[in-house]
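Trainee:
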Amino acid sequence: MAQTKYYIGIDLGGTFIKGGIADEKGNLLVADKVPTEAKAGNDTVVSNIAKLCMLLLEKANMTKEQVQGIGMGVPGLIDSQNGIVKYSNNLYFEHFDIAGELSKKTGLPVKIANDANVAALGETKFGCGKDYDNTVLLTLGTGVGGGVVIDGKLFEGNGSAGAELGHTVICAGGENCGCGRRGCLEAYASATALIRDTKRAMEENRDSKMWEIGSLDAVTGKTAFDYMNTDKSAKAVVDNYIEKLGVGIVNHANTFRPQAVILGGGVCAEGERLVKPLQEKLDKEIYAGARGPQVKILTATLKNDAGILGAVALIASL
9 MAQTKYYIGI DLGGTFIKGG IADEKGNLLV ADKVPTEAKA GNDTVVSNIA
59 KLCMLLLEKA NMTKEQVQGI GMGVPGLIDS QNGIVKYSNN LYFEHFDIAG
109 ELSKKTGLPV KIANDANVAA LGETKFGCGK DYDNTVLLTL GTGVGGGVVI
159 DGKLFEGNGS AGAELGHTVI CAGGENCGCG RRGCLEAYAS ATALIRDTKR
209 AMEENRDSKM WEIGSLDAVT GKTAFDYMNT DKSAKAVVDN YIEKLGVGIV
259 NHANTFRPQA VILGGGVCAE GERLVKPLQE KLDKEIYAGA RGPQVKILTA
309 TLKNDAGILG AVALIASL
């Protein structure tokens, strides 16, 4: 019987470093987190990651010889081939060989990739997409993150800089996007955009029931969905949101023809109110319709563990 292999997965964030030890099936043995301390400099961050790795081994009652290596998701522009962070504004990294430095401190092999890509791999290997080898992940948060898995492996593009799915234009000359272009999917389908549109609708209709929440400052990504059945303005916001997100999903489904499109982020808590109309739009508008292979829309299931388990999948796939 083959011996079980174990891996350390690290989810490097601007405020906290989260980590865990899991086996090749994605069973999480232990998990913990430590502060990142990004402003203290590169060496401090790497030392904190190394300390977390040792802490995890201690909690699992394991030695470093019992794990195969460290996988890590890092925000920013990542050269995953060479283990280098080209640029990460939240971590103050620029052309930083983080994989090499962490390997020196731990004595373990290290593999890194962009955090959104890592989350896509995690959901595909261990989450809602585990029955599929070809998936597209869209994370609907402050922005719209993207990840593509083809034949069970991450598609990262030239210099690992591809899969920026949120920065495909769905409305030429449309809303301003943080990337500098106009009309990007992110400018319409992010939680930020949903909140913006909800506030606009409330300002345009002072009789909207959405004002029951008190003020514009109380608006969240849930507000329009909460009132969609009782307020026309709220329904218009939700309908527009689903229409725009649907355009992006159909575009990406036509480009990659995955087996599933996985949606992550807080907006997905809306469940069927979000997924059902999106699936109907996708089935109706995808190229060749029912003649071609169908694409399912799923919602992410790993929640806060997606980054850790995705990082495990990253190092386990080597």
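Note that this note's numbering has the sequence shown beginning at 9, numbered continuously upward. The C-beta atom is built at its ideal place from N, Cα and C for all residues, glycine as well. Model, not experiment: these values are computed from the prediction.
#1: So the candidates are 267, 280, 318 and 274; which of them puts its Cα closest to the Cα of residue 300?
#2: Rounded to whole angstroms, what's the CA-CA distance from residue 210 to residue 149? Just pull it up for me.
#3: Quick test of the definition: if touching needs 3 or more C-beta pairs under 8 Å, does the segment 126–134 touch the segment 250–264?
#4: Expressed to the nearest angstrom, what Euclidean distance is found between the alpha-carbon atoms of residue 163 and residue 319?
#5: Note down, in chain order, each residue of its chain lying with its Cβ closer than 6 Å to the Cβ of residue 95, except the 5 sequence neighbours on either side.
#6: Could you compute how far the alpha carbon of residue 170 sits from the alpha carbon of residue 161?
#7: So, with DSSP's three-state summary, where would you put residue 193?
#8: Comparing C-alpha positions only, which one of 135, 58, 66 and 126 sits nearest to residue 106?
#9: Could you tell me the alpha carbon to alpha carbon distance between residue 100 and residue 75, rounded to whole angstroms?
#10: Who are the Cβ neighbours of residue 125 in its own chain at under 7 Å, not counting the five residues just before and after it?
#11: Output needed for residue 182: all residues of its chain with C-beta closer than 7 Å, excluding positions within five of it in sequence on either side, in chain order.
#12: Please give me, in chain order, every unbroken run of the beta strand (DSSP E) with length at least 3 that falls completely inside the segment 157–186.
#13: Is it buried or exposed, residue 296, if we count other Cβ atoms within 10 angstroms and call 16 or more buried?
#14: Tell me whether residue 140 sits in a helix, a strand or coil according to DSSP, three-state version.
#15: Can you give me the C-alpha to C-alpha distance between residue 238 and residue 281, rounded to a whole angstrom?
#16: Take residue 115 as the anchor and find which of 30, 71, 223 and 43 has the nearest alpha-carbon.
#17: With H, G and I counted as helix, E and B as strand and the rest as coil, what does DSSP make of residue 29?
#18: Can you tell me whether residue 287 is buried or exposed, with buried defined as 16 or more other CB within 10 angstroms of its CB?
#19: Assess contact between the segment 35–46 and the segment 10–26, defined as three or more Cβ pairs (one per stretch) separated by less than 8 Å. Is contact present?
#20: Does the beta-carbon of residue 307 have 16 or more other beta-carbons within 10 angstroms, so that it is buried, or is it exposed?
#21: Pull up the DSSP beta-bridge partners for residue 104, would you.
#22: Between residue 413 and residue 123, which are expected to be in contact by the criterion C-beta below 8 Å, what is the C-beta distance as a whole number of angstroms?
#23: Which one of 119, 65 and 64 has the shortest CA to CA distance from residue 91?
#24: What would DSSP say about residue 294, mapped onto helix, strand or coil?
#25: At 4 residues or longer, what runs of the alpha helix (DSSP H) sit wholly inside the segment 198–247?
#26: Between which two residues does the alpha helix (DSSP H) holding residue 81 run?
#27: Kindly give me the distance between the Cβ atoms of residue 330 and residue 305, rounded to whole angstroms, as I take these residues to be in contact under 8 Å.
Mentor: With the structure as the only source:
#1: The sequence position of residue 300 within the sequence shown is 292, counting from 1. With distances taken between Cα atoms, residue 300 lies closest to 267.
#2: Taking the first residue of the sequence shown as 1, we reach residue 210 at position 202. Taking the first residue of the sequence shown as 1, we reach residue 149 at position 141. Near 22 Å, if we compare the C-alpha coordinates of residue 149 and residue 210.
#3: no
#4: On the sequence shown, residue 163 is found 155 positions in, with the first residue counted as 1. On the sequence shown, residue 319 is found 311 positions in, with the first residue counted as 1. Distance between the alpha carbons of residue 163 and residue 319: 15 Å.
#5: Your numbering for residue 95 matches position 87 in the sequence shown. Within the same chain, residue 95 has close Cβ partners 84, 85 and 102.
#6: Mapped onto the sequence shown, residue 170 falls at position 162. Mapped onto the sequence shown, residue 161 falls at position 153. If you take the alpha carbons of residue 170 and residue 161, they lie about 14 Å apart.
#7: Position 185 of the sequence shown, counted from the first residue, corresponds to residue 193. In the structure shown, residue 193 sits in coil (DSSP, three-state: anything other than H, G, I, E or B).
#8: Counted from its first residue, the sequence shown places residue 106 at position 98. Measuring from the Cα of residue 106, the nearest candidate turns out to be 58.
#9: Translated into positions along the sequence shown, residue 100 becomes position 92. Translated into positions along the sequence shown, residue 75 becomes position 67. Taking the straight line from one Cα to the other gives about 30 Å.
#10: Position 117 of the sequence shown, counting from 1, holds the residue named residue 125. Here the set comprises 155, 162, 164 and 171.
#11: Residue numbering aside, residue 182 sits at position 174 when the sequence shown is read from its first letter. Apart from sequence neighbours up to five positions away, the residues of its chain that approach residue 182 with a beta-carbon distance below 7 Å are 190, 191 and 195, ordered along the chain.
#12: 161–163
#13: Stepping through the sequence shown from its first residue, residue 296 is reached at position 288. Flag for residue 296 reads exposed.
#14: Here residue 140 corresponds to residue number 132 of the sequence shown, with the count starting at 1. Correct three-state label for residue 140: coil.
#15: Within the sequence shown, numbered from 1, the residue matching residue 238 stands at position 230. Within the sequence shown, numbered from 1, the residue matching residue 281 stands at position 273. If you take the alpha carbons of residue 238 and residue 281, they lie about 15 Å apart.
#16: Position 107 of the sequence shown, counting from 1, holds the residue named residue 115. The residue with the shortest Cα to Cα distance from residue 115 is 71.
#17: Within the sequence shown, numbered from 1, the residue matching residue 29 stands at position 21. In the structure shown, residue 29 sits in a strand (DSSP, three-state: E or B).
#18: Here the question's residue 287 lines up with position 279 in the sequence shown. It counts as buried.
#19: yes
#20: Translated into positions along the sequence shown, residue 307 becomes position 299. Its Cβ being crowded by 16 or more others within 10 Å, residue 307 is buried.
#21: Within the sequence shown, numbered from 1, the residue matching residue 104 stands at position 96. Answer by DSSP bridge pairing, in chain order: 93.
#22: Past the boundaries of the shown model lies residue 413; the chain is included only from 9 to 326, so the question cannot be answered.
#23: As a position in the sequence shown, residue 91 is number 83, starting the count at 1. The shortest Cα separation from residue 91 among 119, 65 and 64 belongs to 119.
#24: Locating residue 294 in the sequence shown gives position 286, counting from the first residue. It is coil, neither helix nor strand.
#25: 199–212 and 231–235
#26: As a first step, residue 81 is located in the sequence shown; it is residue number 73 there, counting from the start. Unbroken run through residue 81 is the beta strand (DSSP E), 75–82; no alpha helix (DSSP H).
#27: Absent from the model: residue 330. The displayed extent of the chain is 9 to 326, so no value can be given.
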